[in-house]
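In the UniProt record's numbering, the protein residues as written are 1 to 176.
A short write-up of the structure that comes next.
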């Protein structure tokens, strides 16, 4: 079961998005869905973890403590659960048009984030934070804030320890 967090262009179907961010509940192992011409990053949010067998690479065991893993979404990929279902974060961008980076950040003190990318998403996985910039917004567990390319510095202030994912999405410059 997949929950879409954000997609561009708005309302785009799976075969027409420029970028897409979602969470998925994975109940059993098996093949991953393939997406032609798409790059993907996956992070484990809940559960014991998953082992990904991505064609051409050594198997990768991923847990909640693992760094997000990037790989082409159009190569055969098999998944095996380590010990029961997981929930994962998926970020996908259309290769040649968009590129992305995903960072897991655990904070217990304020930090600054610059939103110079075409789109910056801040997913608060656990804890609560106040995002202070041009305006202040408080987000809690599983809330996501989408910031535009306004090159503003945003201050993230946690109420206590918080785990965040900072997702930066950039348009790829066209070759002349």
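Ideal placement from N, C-alpha and C gives every residue a C-beta, glycine not left out.
- Annotated as proximal: residue 97 and residue 171, with beta-carbon spacing under 8 Å.
- Per DSSP, reduced to three states, the secondary structure at residue 65 is coil, with no helix or strand assignment.
- Under the three-state reduction of DSSP output, residue 60 falls in the strand class.
- Spatial neighbours of residue 36 in its own chain (CB-CB distance under 7 Å, excluding positions within 5 residues in sequence) are listed in chain order as 74.
- Residue 131 carries a strand assignment under DSSP once its states are collapsed to helix, strand and coil.
- Annotation: residue 16 is outside any beta strand (DSSP E) and is labelled neither H nor E by DSSP.
- Excluding its 5 nearest sequence neighbours in each direction, residue 131 has C-beta neighbours in its own chain below 7 Å: 122, 137, 139, 145, 154 and 156, listed in chain order.
- Residue 2 and residue 10 have their C-alpha atoms roughly 17 Å apart.
- Per DSSP, reduced to three states, the secondary structure at residue 27 is coil, with no helix or strand assignment.
- Within its own chain, the residues whose Cβ lies closer than 8 Å to the Cβ of residue 45, once the five positions on either side in sequence are excluded, are 23, 64, 86, 87, 88, 89 and 125, listed in chain order.
- Residue 104 places its beta carbon less than 8 Å from that of residue 68.
- Setting aside the 5 residues that flank it on each side, residue 34 is surrounded in the same chain by 74, each with a C-beta closer than 6 Å to its C-beta; the list follows chain order.
- When DSSP states are grouped into helix, strand and coil, residue 98 belongs to the strand group.
- Taking every protein chain shown into account, the CB of residue 91 has 16 or more other CB atoms within 10 angstroms, so this residue is buried.
- Between the C-alpha atoms of residue 49 and residue 39 there is a straight-line separation of about 21 Å.
- Taking a 10 Å sphere around the C-beta of residue 147, we find 16 or more other C-beta atoms and assign the residue as buried.
- As summarised for the stretch 102 to 169, the continuous beta strand (DSSP E) elements at least 3 residues long and confined to that stretch are 111 to 114, 119 to 126, 129 to 132, 136 to 139, 143 to 147 and 153 to 158, given in chain order.
- In the displayed model, residue 83 falls within coil according to three-state DSSP, outside both helix and strand.
- Across the set 133, 115 and 166, the C-alpha of 166 shows the shortest separation from the C-alpha of residue 142.
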